[in-house]
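K.L.:
Add 233 to the 1-based position in the sequence shown for the working numbering, that's all there is to it.
Note that the Cβ used here is the ideal one computed from N, Cα and C, for glycine as well.
Sharing a structure with you now.
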Amino acid sequence: MSVKITFLGGVGTVTGSKYLLETDGLKILVDCGLFQGYKQLRLRNWAPLPVKPADIDAVILTHAHLDHSGYVPLLVRNGFKGHILCTEATRDLCRILLPDSGFLQEKDAEFANRHGFSKHHPALPLYTRKDAEVSLEHFRPVDFNEQRDLFGKLSLCFRGAGHILGASSLELKIDGRKIVFSGDLGRYGDSLMLDPAALHQADYLLVESTYGNRLHEGSDPEDVLADIITETAGRGGTVVIPSFAVGRAQALLFHIQQLKDTGRIPDLPVFLDSPMAVSASEVFRRHLGAHRLSADQCSWSDNAAHYVRDVEESKALDWNRMPKVIVSASGMATGGRVLHHLKHYAPDHRNTILFAGYQAGGTRGAALVAGATSVKIHGSQVPVRAQVDNLDMLSAHADADEIMRWLGNFEAPPKQTFITHGEPDAADALRHRIESELHWPCYVPDYREEIELD
(Lines of atoms letter the chains of each structure in order from A and count residues from 1; the text may use other names and numbers.)
(Lines give C-alpha, C1' and ligand atoms only; values in the text may rest on other atoms or scores of the structure.)
Protein backbone atom coordinates (compact mmCIF):
# COMPACT_ATOMS: atom_id res chain seq x y z
CA MET A 1 0.00 0.00 0.00
CA SER A 2 1.69 3.22 -1.11
CA VAL A 3 1.64 6.34 1.05
CA LYS A 4 2.12 9.87 -0.25
CA ILE A 5 2.60 12.91 1.95
CA THR A 6 2.10 16.48 0.72
CA PHE A 7 3.45 19.34 2.82
CA LEU A 8 0.71 21.97 2.66
CA GLY A 9 2.08 24.08 5.52
CA GLY A 10 4.38 24.08 8.50
CA VAL A 11 7.48 24.05 6.25
CA GLY A 12 9.71 27.06 5.78
CA THR A 13 7.67 28.68 8.55
CA VAL A 14 6.29 27.95 12.00
CA THR A 15 2.69 28.46 10.92
CA GLY A 16 0.04 26.90 8.72
CA SER A 17 0.74 23.28 9.68
CA LYS A 18 -1.02 20.91 7.27
CA TYR A 19 0.20 17.49 6.11
CA LEU A 20 -1.89 15.52 3.63
CA LEU A 21 -1.50 11.73 3.71
CA GLU A 22 -2.91 9.71 0.82
CA THR A 23 -3.09 5.92 0.88
CA ASP A 24 -5.34 3.35 -0.79
CA GLY A 25 -7.94 5.95 -1.77
CA LEU A 26 -7.95 7.68 1.64
CA LYS A 27 -7.01 11.29 2.25
CA ILE A 28 -6.08 12.20 5.84
CA LEU A 29 -5.10 15.73 6.84
CA VAL A 30 -2.81 15.95 9.87
CA ASP A 31 -3.21 19.42 11.39
CA CYS A 32 -5.22 22.19 9.78
CA GLY A 33 -3.55 25.44 10.76
CA LEU A 34 -3.65 29.09 9.75
CA PHE A 35 -0.67 30.82 8.22
CA GLN A 36 0.41 33.84 10.27
CA GLY A 37 3.11 36.49 10.08
CA TYR A 38 4.39 37.72 6.71
CA LYS A 39 1.71 38.89 4.26
CA GLN A 40 2.83 36.39 1.62
CA LEU A 41 2.16 33.63 4.16
CA ARG A 42 -1.21 35.03 5.27
CA LEU A 43 -2.34 35.20 1.65
CA ARG A 44 -2.06 31.40 1.52
CA ASN A 45 -5.06 31.22 3.85
CA TRP A 46 -7.19 32.70 1.06
CA ALA A 47 -5.87 30.41 -1.70
CA PRO A 48 -7.72 27.15 -2.43
CA LEU A 49 -6.11 23.94 -1.23
CA PRO A 50 -4.78 21.58 -3.91
CA VAL A 51 -7.28 19.01 -2.60
CA LYS A 52 -11.03 19.53 -2.39
CA PRO A 53 -12.12 19.67 1.27
CA ALA A 54 -15.01 17.31 0.45
CA ASP A 55 -12.46 14.69 -0.68
CA ILE A 56 -10.65 14.66 2.69
CA ASP A 57 -11.82 11.70 4.76
CA ALA A 58 -10.62 12.83 8.22
CA VAL A 59 -8.60 15.51 9.99
CA ILE A 60 -6.28 14.75 12.90
CA LEU A 61 -5.14 17.61 15.14
CA THR A 62 -2.01 17.44 17.30
CA HIS A 63 -3.14 20.41 19.41
CA ALA A 64 -5.35 23.48 19.58
CA HIS A 65 -3.08 26.42 18.72
CA LEU A 66 -4.41 28.27 15.69
CA ASP A 67 -1.32 27.56 13.59
CA HIS A 68 -2.42 23.90 13.85
CA SER A 69 -6.24 24.17 14.07
CA GLY A 70 -7.28 27.61 12.85
CA TYR A 71 -8.09 26.62 9.26
CA VAL A 72 -10.71 24.06 10.38
CA PRO A 73 -13.74 26.40 10.10
CA LEU A 74 -12.81 27.30 6.52
CA LEU A 75 -12.23 23.64 5.61
CA VAL A 76 -15.72 22.75 6.89
CA ARG A 77 -17.36 25.75 5.24
CA ASN A 78 -15.74 24.73 1.95
CA GLY A 79 -17.14 21.21 2.05
CA PHE A 80 -15.30 18.93 4.50
CA LYS A 81 -17.80 16.38 5.89
CA GLY A 82 -15.67 14.01 7.98
CA HIS A 83 -14.59 13.74 11.61
CA ILE A 84 -11.88 15.82 13.29
CA LEU A 85 -9.95 13.63 15.73
CA CYS A 86 -7.98 15.05 18.65
CA THR A 87 -7.57 14.69 22.41
CA GLU A 88 -10.40 15.79 24.68
CA ALA A 89 -8.52 18.82 26.00
CA THR A 90 -7.70 19.89 22.43
CA ARG A 91 -11.41 19.65 21.60
CA ASP A 92 -12.28 21.73 24.67
CA LEU A 93 -9.72 24.40 23.78
CA CYS A 94 -10.82 24.51 20.14
CA ARG A 95 -14.34 25.23 21.40
CA ILE A 96 -12.84 28.46 22.73
CA LEU A 97 -10.14 29.33 20.20
CA LEU A 98 -11.98 28.78 16.93
CA PRO A 99 -15.12 30.84 17.64
CA ASP A 100 -12.90 33.54 19.12
CA SER A 101 -10.75 33.50 15.98
CA GLY A 102 -13.84 33.95 13.81
CA PHE A 103 -15.15 36.72 16.07
CA LEU A 104 -11.83 38.59 15.95
CA GLN A 105 -11.67 38.30 12.18
CA GLU A 106 -15.18 39.73 11.90
CA LYS A 107 -14.28 42.58 14.25
CA ASP A 108 -11.01 43.33 12.44
CA ALA A 109 -12.86 43.47 9.11
CA GLU A 110 -15.55 45.68 10.62
CA PHE A 111 -12.93 47.99 12.15
CA ALA A 112 -11.04 48.20 8.84
CA ASN A 113 -14.21 49.06 6.95
CA ARG A 114 -15.29 51.63 9.52
CA HIS A 115 -11.93 53.43 9.45
CA GLY A 116 -11.18 52.85 5.77
CA PHE A 117 -7.61 51.57 6.08
CA SER A 118 -8.04 48.27 4.22
CA LYS A 119 -7.06 47.91 0.57
CA HIS A 120 -10.11 45.66 0.12
CA HIS A 121 -13.59 47.14 -0.27
CA PRO A 122 -15.18 45.79 1.72
CA ALA A 123 -12.71 43.96 3.95
CA LEU A 124 -14.03 40.46 4.69
CA PRO A 125 -13.22 37.98 7.45
CA LEU A 126 -11.57 34.71 6.41
CA TYR A 127 -14.42 33.02 8.30
CA THR A 128 -16.97 33.98 10.92
CA ARG A 129 -17.78 32.96 14.45
CA LYS A 130 -20.76 31.03 13.10
CA ASP A 131 -18.49 29.13 10.69
CA ALA A 132 -16.32 28.12 13.63
CA GLU A 133 -19.26 27.01 15.75
CA VAL A 134 -20.55 24.82 12.91
CA SER A 135 -17.12 23.21 12.51
CA LEU A 136 -17.09 22.12 16.17
CA GLU A 137 -19.83 19.59 15.40
CA HIS A 138 -17.21 17.53 13.53
CA PHE A 139 -14.88 17.06 16.53
CA ARG A 140 -14.47 13.58 18.03
CA PRO A 141 -12.15 13.20 21.06
CA VAL A 142 -9.74 10.29 21.48
CA ASP A 143 -8.01 9.44 24.77
CA PHE A 144 -4.25 9.65 25.09
CA ASN A 145 -2.55 6.27 24.45
CA GLU A 146 -5.71 4.77 22.91
CA GLN A 147 -5.26 2.90 19.62
CA ARG A 148 -8.06 4.04 17.31
CA ASP A 149 -8.73 2.33 13.96
CA LEU A 150 -9.72 4.47 10.98
CA PHE A 151 -11.60 3.10 7.98
CA GLY A 152 -10.11 -0.36 8.61
CA LYS A 153 -6.88 0.73 6.91
CA LEU A 154 -4.86 2.61 9.51
CA SER A 155 -4.74 3.37 13.21
CA LEU A 156 -3.77 6.37 15.28
CA CYS A 157 -2.51 6.94 18.80
CA PHE A 158 -1.96 10.22 20.62
CA ARG A 159 1.04 10.49 22.99
CA GLY A 160 1.59 13.41 25.35
CA ALA A 161 3.79 16.16 23.87
CA GLY A 162 3.76 18.68 26.73
CA HIS A 163 3.63 22.14 25.09
CA ILE A 164 0.02 23.05 25.98
CA LEU A 165 -2.99 21.31 27.47
CA GLY A 166 -4.04 18.42 25.24
CA ALA A 167 -1.01 18.64 22.94
CA SER A 168 0.11 15.36 21.42
CA SER A 169 2.62 13.60 19.27
CA LEU A 170 0.85 11.38 16.77
CA GLU A 171 1.60 7.79 15.82
CA LEU A 172 -0.03 6.56 12.60
CA LYS A 173 0.23 2.93 11.55
CA ILE A 174 -0.41 2.22 7.87
CA ASP A 175 0.15 -1.22 6.35
CA GLY A 176 2.81 -2.15 8.88
CA ARG A 177 4.59 1.21 8.73
CA LYS A 178 4.64 3.73 11.56
CA ILE A 179 4.63 7.45 10.75
CA VAL A 180 5.24 9.73 13.72
CA PHE A 181 4.42 13.44 13.87
CA SER A 182 6.13 15.11 16.80
CA GLY A 183 3.58 17.92 16.92
CA ASP A 184 4.89 20.85 18.93
CA LEU A 185 7.17 19.43 21.62
CA GLY A 186 7.08 20.96 25.08
CA ARG A 187 9.80 21.60 27.62
CA TYR A 188 11.28 19.22 30.15
CA GLY A 189 10.60 20.29 33.74
CA ASP A 190 8.04 22.90 32.70
CA SER A 191 6.21 24.63 35.55
CA LEU A 192 2.76 23.78 34.09
CA MET A 193 2.95 20.98 31.54
CA LEU A 194 4.13 17.39 31.84
CA ASP A 195 7.28 16.26 30.03
CA PRO A 196 6.92 15.06 26.43
CA ALA A 197 6.30 11.32 26.31
CA ALA A 198 9.16 9.17 25.05
CA LEU A 199 8.57 7.49 21.68
CA HIS A 200 10.80 4.63 20.66
CA GLN A 201 10.17 3.67 17.05
CA ALA A 202 9.19 5.21 13.73
CA ASP A 203 9.67 4.28 10.10
CA TYR A 204 9.11 7.92 9.13
CA LEU A 205 9.32 10.91 11.44
CA LEU A 206 8.20 14.53 11.08
CA VAL A 207 9.82 16.62 13.80
CA GLU A 208 9.28 20.29 14.56
CA SER A 209 12.24 22.69 14.53
CA THR A 210 10.90 25.97 15.95
CA TYR A 211 13.98 26.34 18.15
CA GLY A 212 16.17 24.06 16.06
CA ASN A 213 19.05 26.54 16.11
CA ARG A 214 18.69 28.00 19.60
CA LEU A 215 18.80 27.22 23.29
CA HIS A 216 16.52 28.81 25.85
CA GLU A 217 18.01 31.15 28.41
CA GLY A 218 18.86 29.42 31.65
CA SER A 219 17.72 32.31 33.86
CA ASP A 220 14.76 31.89 36.20
CA PRO A 221 11.67 33.54 34.64
CA GLU A 222 10.52 34.69 38.07
CA ASP A 223 13.80 36.57 38.62
CA VAL A 224 13.41 38.37 35.29
CA LEU A 225 9.69 39.03 35.83
CA ALA A 226 10.35 40.41 39.31
CA ASP A 227 13.00 42.83 38.05
CA ILE A 228 10.93 44.08 35.10
CA ILE A 229 7.68 44.52 37.05
CA THR A 230 9.44 46.23 39.97
CA GLU A 231 11.47 48.58 37.76
CA THR A 232 8.47 49.51 35.61
CA ALA A 233 6.28 50.18 38.64
CA GLY A 234 9.07 52.32 40.05
CA ARG A 235 8.86 54.50 36.94
CA GLY A 236 5.10 54.79 37.42
CA GLY A 237 4.56 52.63 34.35
CA THR A 238 2.46 49.66 33.27
CA VAL A 239 3.69 46.27 32.05
CA VAL A 240 1.77 45.08 28.99
CA ILE A 241 2.32 41.39 28.23
CA PRO A 242 1.10 40.16 24.84
CA SER A 243 0.40 36.52 25.56
CA PHE A 244 -0.87 33.40 23.91
CA ALA A 245 -4.22 32.71 25.50
CA VAL A 246 -3.59 29.00 26.00
CA GLY A 247 -0.68 27.92 28.15
CA ARG A 248 1.40 31.08 28.20
CA ALA A 249 -1.20 33.24 29.95
CA GLN A 250 -1.66 30.57 32.61
CA ALA A 251 2.12 30.21 33.10
CA LEU A 252 2.46 33.96 33.52
CA LEU A 253 -0.31 34.08 36.12
CA PHE A 254 1.30 31.17 37.97
CA HIS A 255 4.67 32.94 38.15
CA ILE A 256 3.14 36.31 39.06
CA GLN A 257 1.20 34.67 41.87
CA GLN A 258 4.42 33.07 43.15
CA LEU A 259 6.09 36.48 43.14
CA LYS A 260 3.18 38.07 44.97
CA ASP A 261 3.08 35.31 47.58
CA THR A 262 6.77 35.76 48.32
CA GLY A 263 6.63 39.57 48.32
CA ARG A 264 9.10 39.88 45.45
CA ILE A 265 6.99 42.36 43.46
CA PRO A 266 4.82 45.29 44.55
CA ASP A 267 1.18 44.46 45.19
CA LEU A 268 0.07 45.76 41.78
CA PRO A 269 -3.27 44.98 40.20
CA VAL A 270 -2.96 42.30 37.51
CA PHE A 271 -5.53 42.05 34.72
CA LEU A 272 -6.11 39.11 32.39
CA ASP A 273 -7.70 40.96 29.49
CA SER A 274 -8.57 38.19 27.07
CA PRO A 275 -11.92 36.40 27.18
CA MET A 276 -10.28 33.49 25.39
CA ALA A 277 -7.50 33.24 27.99
CA VAL A 278 -10.08 33.49 30.77
CA SER A 279 -12.03 30.58 29.31
CA ALA A 280 -8.85 28.59 28.66
CA SER A 281 -7.80 29.10 32.27
CA GLU A 282 -11.07 27.53 33.38
CA VAL A 283 -10.37 24.49 31.14
CA PHE A 284 -7.29 23.75 33.26
CA ARG A 285 -9.60 23.00 36.20
CA ARG A 286 -11.45 20.39 34.14
CA HIS A 287 -8.28 18.53 33.19
CA LEU A 288 -6.45 18.06 36.47
CA GLY A 289 -3.81 15.39 36.01
CA ALA A 290 -3.06 16.52 32.46
CA HIS A 291 -0.76 19.21 33.86
CA ARG A 292 1.27 19.85 37.01
CA LEU A 293 -1.06 22.29 38.78
CA SER A 294 -3.43 21.56 41.64
CA ALA A 295 -7.04 22.76 41.70
CA ASP A 296 -6.04 25.57 44.06
CA GLN A 297 -3.23 26.68 41.77
CA CYS A 298 -5.73 26.89 38.91
CA SER A 299 -7.78 29.47 40.82
CA TRP A 300 -6.06 32.42 39.17
CA SER A 301 -9.13 34.66 39.39
CA ASP A 302 -9.15 34.20 43.16
CA ASN A 303 -5.47 34.98 43.54
CA ALA A 304 -3.26 36.33 40.79
CA ALA A 305 -5.48 38.33 38.48
CA HIS A 306 -8.71 40.13 37.84
CA TYR A 307 -10.50 38.69 34.82
CA VAL A 308 -11.59 41.30 32.27
CA ARG A 309 -14.46 40.14 30.08
CA ASP A 310 -16.28 43.35 29.17
CA VAL A 311 -15.03 45.52 26.29
CA GLU A 312 -15.69 48.74 28.18
CA GLU A 313 -13.68 47.49 31.15
CA SER A 314 -10.84 46.63 28.75
CA LYS A 315 -10.91 50.17 27.32
CA ALA A 316 -10.89 51.62 30.84
CA LEU A 317 -7.53 49.96 31.53
CA ASP A 318 -5.88 52.35 29.08
CA TRP A 319 -7.07 55.42 30.97
CA ASN A 320 -6.18 54.13 34.43
CA ARG A 321 -2.82 55.73 35.28
CA MET A 322 -2.09 53.36 38.16
CA PRO A 323 0.95 51.07 37.62
CA LYS A 324 -0.35 47.61 36.77
CA VAL A 325 0.22 44.46 34.76
CA ILE A 326 -1.99 43.69 31.74
CA VAL A 327 -1.82 40.20 30.23
CA SER A 328 -3.68 40.22 26.92
CA ALA A 329 -3.81 38.22 23.66
CA SER A 330 -2.45 37.79 21.11
CA GLY A 331 1.04 36.54 21.91
CA MET A 332 2.71 37.89 18.77
CA ALA A 333 0.61 41.09 18.75
CA THR A 334 -1.10 40.03 15.52
CA GLY A 335 -4.61 40.90 16.70
CA GLY A 336 -6.97 41.05 19.65
CA ARG A 337 -7.34 43.48 22.53
CA VAL A 338 -3.61 43.79 23.12
CA LEU A 339 -3.33 45.98 20.01
CA HIS A 340 -5.41 48.69 21.69
CA HIS A 341 -3.17 48.50 24.76
CA LEU A 342 -0.03 48.72 22.62
CA LYS A 343 -1.39 51.83 20.87
CA HIS A 344 -1.84 53.47 24.26
CA TYR A 345 1.21 52.27 26.21
CA ALA A 346 3.99 51.81 23.60
CA PRO A 347 4.62 55.58 23.11
CA ASP A 348 5.41 56.16 26.83
CA HIS A 349 8.95 55.43 28.07
CA ARG A 350 7.69 54.61 31.56
CA ASN A 351 5.96 51.45 30.34
CA THR A 352 7.27 48.02 29.37
CA ILE A 353 6.07 45.78 26.53
CA LEU A 354 7.01 42.28 27.66
CA PHE A 355 6.72 39.39 25.22
CA ALA A 356 6.69 35.84 26.48
CA GLY A 357 8.16 33.52 23.88
CA TYR A 358 8.74 32.93 20.19
CA GLN A 359 7.84 35.71 17.75
CA ALA A 360 7.35 34.51 14.18
CA GLY A 361 8.87 36.53 11.36
CA GLY A 362 6.59 39.20 9.96
CA THR A 363 4.61 39.71 13.17
CA ARG A 364 4.50 42.93 15.20
CA GLY A 365 6.04 40.97 18.06
CA ALA A 366 9.10 40.08 15.99
CA ALA A 367 9.44 43.70 14.87
CA LEU A 368 9.18 45.04 18.42
CA VAL A 369 11.64 42.52 19.87
CA ALA A 370 14.06 43.41 17.05
CA GLY A 371 13.98 47.06 18.16
CA ALA A 372 11.42 48.71 15.87
CA THR A 373 10.90 52.36 16.76
CA SER A 374 7.34 52.26 15.44
CA VAL A 375 4.78 49.63 14.44
CA LYS A 376 1.69 49.83 12.29
CA ILE A 377 -1.54 49.19 14.19
CA HIS A 378 -5.01 49.68 12.70
CA GLY A 379 -3.59 51.54 9.72
CA SER A 380 -1.45 54.03 11.66
CA GLN A 381 2.18 54.10 12.77
CA VAL A 382 2.52 53.96 16.56
CA PRO A 383 5.82 55.22 18.04
CA VAL A 384 7.57 52.81 20.41
CA ARG A 385 9.29 54.49 23.34
CA ALA A 386 8.43 51.89 25.97
CA GLN A 387 11.00 49.37 27.11
CA VAL A 388 10.65 46.10 25.15
CA ASP A 389 11.74 42.73 26.56
CA ASN A 390 11.10 39.07 25.84
CA LEU A 391 10.83 36.22 28.34
CA ASP A 392 12.29 33.73 25.89
CA MET A 393 12.75 31.14 28.64
CA LEU A 394 8.94 30.92 28.98
CA SER A 395 8.58 29.45 25.50
CA ALA A 396 6.42 26.32 25.43
CA HIS A 397 8.57 24.87 22.64
CA ALA A 398 11.48 22.53 23.24
CA ASP A 399 14.81 24.12 22.34
CA ALA A 400 17.45 22.41 20.21
CA ASP A 401 18.92 20.39 23.09
CA GLU A 402 15.46 19.31 24.25
CA ILE A 403 14.49 18.21 20.74
CA MET A 404 17.68 16.15 20.59
CA ARG A 405 16.84 14.68 24.02
CA TRP A 406 13.41 13.61 22.73
CA LEU A 407 14.93 12.10 19.59
CA GLY A 408 17.37 10.19 21.76
CA ASN A 409 14.53 7.94 22.92
CA PHE A 410 14.25 6.29 19.49
CA GLU A 411 15.85 2.88 19.50
CA ALA A 412 16.75 2.92 15.80
CA PRO A 413 16.98 5.60 13.11
CA PRO A 414 13.79 6.21 11.10
CA LYS A 415 14.11 5.51 7.38
CA GLN A 416 13.67 9.24 6.87
CA THR A 417 13.25 12.20 9.21
CA PHE A 418 11.50 15.27 7.84
CA ILE A 419 12.33 18.58 9.51
CA THR A 420 9.21 20.75 9.69
CA HIS A 421 7.67 23.71 11.54
CA GLY A 422 10.71 25.98 11.56
CA GLU A 423 12.11 29.04 9.86
CA PRO A 424 14.65 28.00 7.19
CA ASP A 425 17.75 28.63 9.33
CA ALA A 426 16.29 26.74 12.30
CA ALA A 427 15.17 23.78 10.21
CA ASP A 428 18.52 23.46 8.47
CA ALA A 429 20.45 23.77 11.73
CA LEU A 430 18.44 20.93 13.25
CA ARG A 431 18.90 18.84 10.10
CA HIS A 432 22.66 19.29 10.32
CA ARG A 433 22.72 18.47 14.02
CA ILE A 434 20.65 15.28 13.64
CA GLU A 435 22.81 14.12 10.74
CA SER A 436 26.09 14.82 12.53
CA GLU A 437 25.15 13.60 16.03
CA LEU A 438 22.64 10.81 15.38
CA HIS A 439 23.68 9.92 11.81
CA TRP A 440 20.05 9.77 10.69
CA PRO A 441 18.97 10.56 7.12
CA CYS A 442 17.14 13.91 7.19
CA TYR A 443 15.32 16.09 4.74
CA VAL A 444 13.81 19.59 4.88
CA PRO A 445 10.73 19.59 2.59
CA ASP A 446 9.41 22.51 0.58
CA TYR A 447 5.92 23.99 0.59
CA ARG A 448 3.50 21.78 -1.38
CA GLU A 449 6.21 19.19 -2.01
CA GLU A 450 4.87 15.65 -2.55
CA ILE A 451 6.89 12.65 -1.33
CA GLU A 452 6.15 8.95 -1.76
CA LEU A 453 7.01 6.89 1.33
CA ASP A 454 8.56 3.53 0.40
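1) Cutting at 7 Å between CB atoms, please list the residues of its own chain near Ala-600, excluding the five before and the five after it.
2) Would you call the CB atoms of Arg-328 and Pro-374 closer than 8 Å?
3) Indicate the three-state DSSP secondary structure (helix, strand or coil) for Pro-508 in the structure shown.
4) Could you name the residues that DSSP lists as bridge partners for Glu-255?
5) Quick check on this structure: which residue in His-433, Arg-570, Ala-459, Pro-286 has the alpha carbon closest to the alpha carbon of Asn-642?
6) Assuming Pro-475 contacts Ser-561 (C-beta within less than 8 Å), just tell me the rounded distance between them.
7) Under three-state DSSP, which class holds Asp-622?
8) Would you mind reading off the limits of the beta strand (DSSP E) that contains Lys-406?
9) In whole angstroms, what separates the C-alpha of Met-234 from that of Ile-407?
10) Tell me whether Thr-463 sits in a helix, a strand or coil according to DSSP, three-state version.
11) Which residue marks the beginning of the beta strand (DSSP E) containing Ser-532, and which one marks its end?
12) Is the beta carbon of Tyr-578 less than 8 Å from the beta carbon of Thr-471?
13) Have a look at Asp-456 and Leu-326 and give me their C-alpha separation to the nearest angstrom.
14) Do you know how far the Cα of Thr-246 is from the Cα of Gly-270?
15) From Gly-569 to Ser-547, what does the alpha carbon distance come to, in whole angstroms?
16) Using the Cβ count rule (16 or more neighbours within 10 Å means buried), how would you classify Trp-639?
17) Gln-338: buried (16+ other C-beta within 10 angstroms of its C-beta) or exposed?
18) Spell out the partners DSSP gives Lys-411 in its beta bridges.
19) Quick one: grab the DSSP three-state call for Ala-566.
20) Looking at Tyr-676: is its Cβ nearer than 8 Å to the Cβ of His-630?
21) Going by DSSP in three states, Arg-597 sits in which element: helix, strand or coil?
22) In the region 372-457, which residue ranges form an unbroken beta strand (DSSP E) of at least 3 residues, counting only runs that do not cross its ends?
23) Taking 6 Å as the limit between beta carbons, can you name the residues of its chain near Pro-429, skipping five residues before and five after?
24) Are the beta-carbon atoms belonging to Val-292 and Ile-317 less than 8 Å from one another?
25) Just list the residues that DSSP pairs His-316 with in beta bridges.
26) What are the start and end residues of the beta strand (DSSP E) that includes Val-558?
27) Tell me which residues share the same chain as Thr-256 and place their Cβ nearer than 8 Å to its Cβ, disregarding the 5 neighbours each side in the sequence.
28) Let me know if Arg-554 comes out buried or exposed under the rule of 16 or more other beta-carbons within 10 Å of its beta-carbon.
29) According to DSSP, simplified to helix, strand and coil, what is Asp-325?
30) Buried or exposed: Gln-380, going by 16 or more other Cβ atoms within 10 Å of its Cβ?
31) Does the contact criterion of 3 or more C-beta pairs under 8 Å hold for the region 651-661 versus the region 620-629?
32) Count the CB pairs spanning the region 525-545 and the region 489-499 that are closer than 8 Å, and state whether there are at least three.
33) Below 8 Å on the Cβ atoms is my guess for Leu-389 versus Phe-651; work out the distance and round it to an integer in Å.
34) Out of Ala-523, Ser-368, Arg-518, state which residue places its alpha-carbon closest to the alpha-carbon of Phe-313.
35) Tell me the DSSP secondary structure of Pro-616 in three-state form.
36) According to DSSP, is Asp-632 helix, strand or coil?
P.N.:
According to the data block:
1) Val-608
2) With respect to Pro-374, Arg-328 sits apart: the two C-beta atoms are not nearer than 8 Å.
3) helix
4) Lys-237, Lys-260
5) His-433
6) 7 Å
7) Correct three-state label for Asp-622: strand.
8) Membership of Lys-406 in the beta strand (DSSP E) is indicated by the continuous run 401-407.
9) Rounded to the nearest angstrom, the two C-alpha atoms are 8 Å apart.
10) helix
11) First-last for Ser-532: undefined, no H or E at that position.
12) Against a cut-off of 8 Å, the Cβ pair of Thr-471 and Tyr-578 comes out as a contact.
13) 30 Å
14) 9 Å
15) Taking the straight line from one Cα to the other gives about 11 Å.
16) buried
17) buried
18) Lys-406
19) coil
20) no
21) helix
22) 372-374, 381-383, 387-393, 401-407, 410-414, 437-441
23) Ala-394, Gly-395, Leu-418, Gly-419, Trp-639
24) yes
25) When DSSP reads this structure, His-316 sits in a beta bridge with Ala-291.
26) 558-561
27) Met-234, Ser-235, Val-236, Lys-237, Lys-386, Leu-387, Ile-407, Asp-408
28) exposed
29) helix
30) exposed
31) no
32) yes
33) Rounded, the Cβ-Cβ distance is 18 Å, inconsistent with contact.
34) Ranked by Cα distance from Phe-313, the first of Ala-523, Ser-368, Arg-518 is Ser-368.
35) strand
36) strand
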